[in-house]
Amino acid sequence: GAVVSQHPSRVICKSGTSVKIECRSLDFQATTMFWYRQFPKKSLMLMATSNEGSKATYEQGVEKDKFLINHASLTLSTLTVTSAHPEDSSFYICLVPGAGYGYTFGSGTRLTVV
Amino acid sequence: AQSVTQLGSHVSVSEGALVLLRCNYSSSVPPYLFWYVQYPNQGLQLLLKYTSAATLVKGINGFEAEFKKSETSFHLTKPSAHMSDAAEYFCAVSDQADSGGGADGLTFGKGTHLIIQP
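Chains as they are written, first to last, in our numbering: chain A, 56 to 169; chain F, 6 to 123.
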């Protein structure tokens with residue numbers, strides 16, 4: 056699978072501010088990346104599919120204006136949580152599909168909105 | 006549409022005992038199946054994957070899983086549990102081929118928390 060770097064690993068922000076999370080594929084050019092959200096003691100919910108060179112595809116119920124996704128290059132996708140509120144506090148993880156069905160997760164970002 | 010069911014949100018076994026974590030899937034096409042492990046406050050690590058080759062798949066840390074089409078199952082096993090195996094385990098399915106781009110995301114089960122008793 057791909058080698059994936061995600062940062063920051065933890066971030067605390069004030070309510071109303073925006074937070075950017077980066078996901079980098081270090082050794083694989085990924086035209087597609089995925090963003091998941093994990094609630095406490097819950098499974099992973101697919102938020103959106105990040106597509107290089109085109110708009111992201113959002114899952115039903117996910118606010119595209121709240122969670123901005125930019126797939127700037129074949130190795131970088133960013134998720135920006137805009138005007139964050141305490142209910143946005145969660146663990147966000149990117150997933151990169153590499154060669155040979157080698158789906159690799161980033162290390163995750165723990166977002167806490169205070 | 007594809008889905009994954011993991012039976013048992015919590016499984017408790019004694020150290021040295023057999024570990025069996027159950028996973029059943031639903032997919033309209035031949036699936037690709039995965040098991041991931043997540044330690045507290047960490048990301049997910051791939052344990053093993055089935056991609057239409059051998060039905061018995063061996064992964065890291067002594068885990069293995071067997072794809073049984075007739076039972077639509079992909080149960081995860083380990084002969085002898087270690088304390089370090091305590092974690093959350095997720096089964097996932099994808100039914101799209103990886104063409105080098107445009108791959109589908111994975112659909113996850115709700116996870117099974119494995120508890121190892123000394």
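The beta-carbon is built from N, C-alpha and C at its ideal position, and this holds for glycine as well. Being a predicted model, the structure only gives us computed values, none of them experimental.
May I ask you to list the residues that DSSP assigns as paired with F:Ile65? Bridge pairing for F:Ile65: absent [DSSP].
Nearest chain F C-beta to A:Tyr113 closer than 8 angstroms, yes or no? Closer than 8 angstroms: no.
Any Cβ of chain F within less than 8 angstroms of the Cβ of A:Tyr147? Using beta-carbon distances, A:Tyr147 does not count as an interface residue toward chain F, since no partner is under 8 angstroms.
Could you tell me which residues DSSP pairs with A:Gln93 in its beta bridges? In the DSSP assignment, A:Gln93 is bridged to A:Leu99 and A:Phe146.
Do F:Tyr44 and F:Ala92 count as a contact pair if the criterion is CB distance below 8 angstroms? Yes, these two residues count as a Cβ contact at 8 angstroms.
Give me the chain A residues within the contact set of F:Phe95, using Cβ-Cβ distance strictly less than 9 angstroms, ordered along the chain. Neighbours of F:Phe95 in chain A, taken as residues at a C-beta separation under 9 angstroms, are given in chain order as Ser98 and Leu99.
Which ranges does the beta strand (DSSP E) cover as unbroken runs of at least 3 residues, wholly within the region 35–95 of chain F, from first to last along the chain? Fully enclosed beta strand (DSSP E) runs of 3 or longer: 37–43, 49–55, 61–63, 69–73 and 78–83.
Using C-beta distances below 7 angstroms, list every residue in its chain close to F:Leu51, excluding the 5 sequence neighbours before and after it, in chain order. Exclusion of the five residues before and after F:Leu51 leaves Phe39 and Tyr41 as the residues of its chain whose Cβ lies within less than 7 angstroms of its Cβ.
Identify the contact partners of F:Gln47 in chain A, using a Cβ-Cβ distance below 9 angstroms as the criterion. Ser162 and Gly163, listed in chain order.
Interface residues of chain F around A:Leu89 at Cβ under 8 angstroms? It should be noted that the sequence gives Phe, not Leu, for residue 89 of chain A. Neighbours of A:Phe89 across chain F, judged by C-beta separation under 8 angstroms: Gly110 and Leu111.
Per-residue burial, A:Asp82 [other beta carbons within 10 Å of its own, 16 or more giving buried]: Exposed.
Pull the bridge partners of F:His15 from the DSSP assignment, please. Answer is F:His118, bridged to F:His15.
What residue from A:Ser144, A:Arg92 and A:Pro95 has the CA that sits closest to A:Lys69's CA? That would be A:Ser144, whose Cα lies nearest to the Cα of A:Lys69.
Same chain, Cβ closer than 8 angstroms to F:Glu69, five either side skipped, listed in chain order: Here the set comprises Leu53, Leu61, Val62, Lys63, Leu81, Thr82 and Lys83.
Amino acids of chain F, ordered along the chain, whose beta-carbon sits closer than 7 angstroms to that of A:Thr104: Contact note: A:Thr104 reaches chain F through Gly110, using a C-beta cutoff of 7 angstroms and chain order.
Mind checking if A:Leu150 is an interface residue toward chain F, Cβ cutoff 8 angstroms exclusive? Put simply, the CB of A:Leu150 is near chain F, with a gap under 8 angstroms to one of its CB atoms.
Using a Cβ cut-off of 8 angstroms (strictly closer), state whether F:Lys73 contacts chain A. At a cut-off of 8 angstroms between C-beta atoms, F:Lys73 does not count as an interface residue with respect to chain A.
Beta-carbon neighbours of F:Phe39, restricted to chain A and to distances below 7 angstroms: What F:Phe39 touches in chain A, judged by beta-carbon distance under 7 angstroms, is Tyr158, going in chain order.
Tell whether a beta-carbon distance below 8 angstroms holds between A:Arg165 and A:Ser73. For the pair A:Arg165 and A:Ser73, the CB atoms are not nearer than the 8 angstroms cut-off.
Under the assumption that F:Gly114 contacts F:Val9 (Cβ atoms under 8 angstroms), give the Cβ distance between them as a whole number of angstroms. Yes, F:Gly114 and F:Val9 are in contact; Cβ-Cβ is about 4 angstroms, under 8 angstroms.
According to DSSP, residues forming a beta bridge with A:Pro152: For A:Pro152, which the question treats as bridged, DSSP gives the partners A:Tyr158.
Cβ of A:Ile67 less than 8 angstroms from any chain F Cβ? Closer than 8 angstroms: no.
Paired residues, beta bridge with A:Ser80 - DSSP: Paired residue(s): A:Val59.
Taking the alpha carbon of A:Lys97 as the point to measure from, which residue in A:Tyr147, A:Leu123, A:Ala57 and A:Glu77 has its own alpha carbon closest? Looking at A:Tyr147, A:Leu123, A:Ala57 and A:Glu77, the one whose alpha-carbon comes closest to that of A:Lys97 is A:Tyr147.
Does the Cβ of A:Ala57 have 16 or more other Cβ atoms within 10 Å, making it buried, or fewer, making it exposed? A:Ala57 comes out buried.
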